[in-house]
Structure formats: C-alpha cells, structure tokens
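Q: Positions in the sequence shown are counted from 1; adding 124 to them yields this note's numbering.
Encoded as structure tokens, here's the structure I'll be asking about.
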Amino acid sequence: MHAVAEGDKDALSRLFARHAGPLFAHLLNRGFPAQTVEDAVQETFLTVWKSASGFHEGSVPAWLRRIAHCRAVDLERAAGRQRALADRAREHTPASAGTAPSVEDCLLASSPRYAAIAFALAGLPAPQREVIELRYLQHYSVRETAERLAVPEGTVKARAARGCARLREWIVAQHEAESSPAEGGAGDRDRVPRPRP
C-alpha cells in the first residue's frame, strides 16, 4: 500500500490481482448486481490509486471492502435516480417522440434554473463536482462524503465551498448577461441557494 501511495503502478497491479476477486465476491454476496459490482471494484482501485496515502494502518482488505461497498451503494442510488428520471420523462414524452431522453436531457429540459446548474456543474473541476454531487444532490453528510471519496472532512468542506462559490458566480453571471438593466434585481430569484453547512 505504501508503494501504491508513492505512485508504483506495479504495486497497484499486484494489489488488484490479490484483492479484486475477493471484493467482487464480497459485493455479490451482499446482493449487488454484477454490473454494479464490476464498476464498483474498478472505482475502488481508482480511489486507492488516488488516495492510498490516506491509509496508515489496519486491515487492507477491510479498508478496500469499505470503499467498494460505498461505491456500490453510490452506483445503485445513481442508477435508481436515473431510472426514476427516465420514467418521469417517458410519462411526459409522446410515444411518437422515440426513446426517452437521457438524465442530462431531463435536467436540462426541466427548467432554465436547472439547465444553468447542469451546465455549471459540468464546468467544475472533477474533485469539486464529486463533492457537490454527493453533498447536495445525493444528500450525504460531510463525514459520509469524506468516506466515499477517501479524503479528509476538511477537504470535503473546502471543495464544497469553492465549488458552490463558482456555481453561484457562473449562474449569476449568466443571468445578468441575459437580463436587461431595467430588470434590476431579478437575478436574485435564480441564484443557487447557499448550501447548508
């Protein structure tokens, strides 16, 4: 694990060869679908590659199982939300329109405000976007978000603060660019609310 933290790709390959199979079986035994399990195991080792320095002592298999379980839960929740959005989209889409739109299309089509949020989120750096999606779209606590991303809680708070500030700036700038001066303070209606601490 220390070698992985130092950027040794061969060490990561050995870690994967030793633990991927047991992780796969562990998640399958807990009832997760095979596709979710496969994706969760892959994401687990991506997380390990980025965050191995956060592991100091204890059981490596237990640490990996905890990360893998969190990833599997996240993937299943995301899949459930996608199915719900797709179902709602189909309810409001004429049969002649063909296949249901993607989740992103549903978000972009739902209202100008959500469209702005979708575009703004896409423009954030990945670390900030991950934190905001977990904290404010999936409603995880700071501690849960830190566990899922394998980063300190302080990092979660800092990324959330920077990401939310950039979202507000982007959306307010977009609104002001589209509004005439005569509309005065109308932009306040479309500002992204400050997140709860």
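Here a beta-carbon is modelled for each residue, glycine too, at the ideal position from N, C-alpha and C.
All values derive from a computational prediction rather than experimental measurement.
#1: Grouping DSSP H, G and I as helix and E and B as strand, with all else coil, what is G248?
#2: Mapping the DSSP letters down to three states, classify E181 as helix, strand or coil.
#3: In whole angstroms, give me the CA-to-CA distance for A158 and E300.
#4: Just reading off the alpha helix (DSSP H) that F156 is part of, what are its end residues?
#5: Using the Cβ count rule (16 or more neighbours within 10 Å means buried), how would you classify A297?
#6: Between which two residues does the alpha helix (DSSP H) harbouring E130 extend?
#7: Our contact map puts E167 next to R195 with C-beta atoms below 8 Å; I'd like the distance itself, whole angstroms only.
#8: Between the segment 136-144 and the segment 169-177, do three or more beta carbon pairs fall short of 8 Å?
#9: Compute the distance between the beta-carbons of V266 and E257, then report whether it is under 8 Å.
#10: Quick one: what's got a C-beta closer than 6 Å to P319's C-beta in the same chain, skipping five residues either side?
#11: Can you tell me whether DSSP reads A117 as helix, strand or coil?
#12: Going by the CB atoms, is the gap between W187 and G247 shorter than 8 Å?
#13: Distance check for R205 and A250, CA to CA, integer angstroms please.
#14: Shortest alpha-carbon distance to E200 belongs to which of A135, Q252, G155?
#15: Nearest by alpha-carbon distance to V197: which of E271, A282, L291, A285 is it?
#16: Anyone know if the C-beta pair for A192 and H150 falls short of 8 Å?
#17: For Q114, which of helix, strand or coil comes out of DSSP?
#18: Closest to E181 by CA distance: which of L291, H126, R286 is it?
#19: Between E200 and chain C, is there a C-beta pair that is closer than 8 Å?
A: Straight from the coordinates:
#1: Looking at the sequence provided, one finds Leu at residue 248 rather than Gly. Correct three-state label for L248: coil.
#2: coil
#3: 47 Å
#4: In this chain, F156 is not harboured by any alpha helix (DSSP H), its DSSP state being neither H nor E.
#5: Of the other Cβ atoms in all chains shown, fewer than 16 fall within 10 Å of the Cβ of A297; this residue is therefore exposed.
#6: It is not in any alpha helix (DSSP H) - E130 carries neither H nor E in the DSSP assignment.
#7: 5 Å
#8: yes
#9: Here V266 is not near E257, since their CB atoms are 8 Å or more apart.
#10: With a pLDDT of 45 at P319, under the threshold of 50, the predicted position of this residue should be treated as unreliable, though the coordinate-derived value follows. Here the set comprises Y260, C288.
#11: Absent from the model: residue 117. The displayed extent of the chain is 125 to 321, so no value can be given.
#12: No, they are not a contact pair.
#13: 20 Å
#14: G155
#15: E271
#16: yes
#17: One cannot answer for residue 114 here, as it falls past the ends of the chain, which runs 125 to 321.
#18: H126
#19: As a matter of chain content, chain C is missing from the structure shown, which is built from one protein chain.
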